[in-house]
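So the structure is just underneath, and the comments pick up after that.
Number of protein chains: 2
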Amino acid sequence: MTAAGRKERADAVRNREAVLAAAARLLDAADDPGDVSMNDIAAAAGVGKGTPFRGFGDRIGLLQALAEQRGERLRAELAAGESSSGPVERATAMLDAILRFKLANRSLMLALENAGSGSPYRNSTYGRWHRHLAEIVAEVHRPDDADYLAHALLAAVRSDLIEHLGDQPPERTRDGLACLVRVVLAGDPADRPR
Amino acid sequence: MTAAGRKERADAVRNREAVLAAAARLLDAADDPGDVSMNDIAAAAGVGKGTPFRGFGDRIGLLQALAEQRGERLRAELAAGESSSGPVERATAMLDAILRFKLANRSLMLALENAGSGSPYRNSTYGRWHRHLAEIVAEVHRPDDADYLAHALLAAVRSDLIEHLGDQPPERTRDGLACLVRVVLAGDPADRPR
DNA sequence: TAATATACGGACCGGTGGTCCGAATTGCCA
DNA sequence: TGGCAATTCGGACCACCGGTCCGTATATTA
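Chains D and A supply the protein sequences, listed in that same order. Start counting the first sequence at 38; every next residue gets the next number (our numbering). Start counting the second sequence at 38; every next residue gets the next number (our numbering).
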């Protein structure tokens, strides 16, 4: 680890950043994240094949590192949206921010979501999002339902769904999402009958 | 094609069925559909490597054929549920049937959903489901919203989500789903204010 | 039974994510 | 400044994947 012994070697951090940058560039340029291979990334970074693996463990690690880097602005935005008043506003702000983030980083998020087995959920980011959203939903629903509903809301902004809707204007998707949030956070008609 | 010239050779259909059966067996036994390869399937069917490809085109074709075979019962069930009264009942019946189907065929559906680029939506089955569900939702929402809401409802029963929820009892997932359907089909509070 | 269309098997291909190790580079200390 | 140990580099290498190809075996037809 970084804690023990010597300092981290300069070339190591330089290369790690080069790899990160190359991966970002290639993914942004690609239509299908599937045709950005590790070799491509290493080559584009001007680095040997082993280097990305040493720096990030495996493909998923690299993608996650990239997502984390890009997600800082998003995290700020999410924290800001927290100041809104009601649960509907807060949840809408959150999901809308996530939606815009995924639109802005489509290849990356697409890659991250189909990678490996059950990967979208192993991600620590997903855990945070879900916990946060579940709290909001729990203001209106029973805890068990809130948990599932939060998953469902996040599923409604999955990258491949967005992609599939991609030919129609994003406006419409955002409207639909807003409608969904409104409806879910209006409460359960079975609990609060008219 | 089957239409022209001679009859279809007997060994061809025998092999195709053997491949289908072997694939079904291996997938059901597997934890991760990713570790059932085409070679494995061919070997388990006692058949050469090329045969599965000749019979089904490619991996996705094989999986789809398998899903179609297994889905006959489901289709009947869906048609039956259609006789229910209100939109909530019909949508609940439909999504619950889909959920149970995916629980009963987890590896298969898991494989089918991660396969290839944007695959869950290119599937013709998905199209049918979505069209049907959108019709029901449209009884309560504006058409544009109905389209998206139908996608969102289907996203709430995606295999990997179910898988991720898999350690908790399916009861709870089904309850959550029922709650979601109820809430979505209760109508938009913005359109029909209290 | 001969002829012909068809399917069979498995060697083969390009490409993938990931590993490994001798060689080169770096940071530390004298 | 020079030497030494630790660390990283590069890219050959590996197992395996989905998919193709074609000489050979087999089913069908006449």
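We treat Cβ as the ideally placed atom computed from N, Cα and C, and that holds for glycine.
Candidates the options, of which the one nearest residue i by Cα
i	options	result
Leu-63(A)	Gly-123(A), Ser-144(A) and Tyr-163(A)	Ser-144(A)
Tyr-158(D)	Arg-195(A), Ser-122(A), Glu-126(A) and Leu-140(A)	Arg-195(A)
Val-218(A)	Gly-203(A), Leu-136(A), Tyr-163(A) and Leu-103(A)	Leu-136(A)
Asp-69(A)	Gly-153(D), Gly-92(D), Glu-119(D) and Ala-61(D)	Gly-153(D)
Asp-182(A)	Leu-222(D), Val-220(D) and Gly-213(D)	Gly-213(D)
Interface flag, residue i vs chain A, CB-CB below 8 Å
i	result
Ser-154(D)	yes
Val-174(D)	no
Ala-189(D)	yes
Asp-69(D)	yes
Gly-213(D)	yes
Pro-230(D)	Bear in mind that the predicted position of Pro-230(D) carries a pLDDT of just 47, short of 50, making it unreliable; the figure below should be weighed with that in mind. Answer no: the Cβ-Cβ gap between Pro-230(D) and chain A never drops below 8 Å.
Leu-64(D)	no
DSSP-derived helix/strand/coil call for residue i
i	result
Asp-95(A)	coil
Asn-52(D)	helix
Asp-15(D)	Because chain D is modelled from 38 through 231, residue 15(D) falls outside the range shown and cannot be assessed.
Asp-197(D)	helix
Ala-175(D)	coil
Arg-127(A)	helix
Pro-206(A)	coil
Lys-139(A)	helix
Asn-160(A)	coil
Leu-217(A)	helix
Gly-87(A)	helix
Glu-119(D)	coil
Leu-222(D)	coil
Ser-154(A)	coil
Arg-43(A)	coil
Ala-82(A)	coil
Ser-74(D)	coil
Beta-carbon gap between residue i and residue j smaller than 8 Å
i	j	result
Ala-55(D)	Val-84(D)	yes
Leu-198(D)	Leu-149(D)	no
Leu-191(D)	His-169(D)	no
Glu-200(A)	Gly-155(D)	yes
Pro-207(D)	Leu-140(D)	yes
Leu-115(A)	Ala-134(A)	yes
Ala-193(A)	Thr-129(A)	no
Val-174(A)	Leu-132(A)	no
Glu-119(A)	Arg-107(A)	no
Ala-82(D)	Ala-59(D)	yes
Ala-80(D)	Thr-88(D)	no
Gly-92(D)	Asn-52(D)	yes
Ala-189(A)	Ala-171(A)	no
Cutoff 8 Å: residue i Cβ touching any chain D Cβ
i	result
His-169(A)	no
Arg-195(A)	yes
Gly-164(A)	no
Gly-98(A)	no
Thr-39(A)	Reliability of the predicted coordinates at Thr-39(A) is poor, the pLDDT of 42 falling under 50, and no value is obtained from them.
Contacts that residue i makes with chain D (C-beta to C-beta distance below 8 Å)
i	result
Arg-209(A)	Asp-181 and Tyr-185
Val-221(A)	Leu-217, Val-220 and Val-221
Under 8 Å by beta carbon: chain A residues contacting residue i
i	result
Asn-151(D)	Asn-151
Chain A contact residues for residue i, given Cβ-Cβ distances below 7 Å
i	result
Leu-198(D)	His-188 and Ala-192
Neighbour list for residue i in chain D, Cβ cutoff strictly below 7 Å
i	result
Ile-157(A)	In the sequence on display, residue 157(A) carries Pro and not Ile. Within 7 Å Cβ-Cβ: Asp-197.
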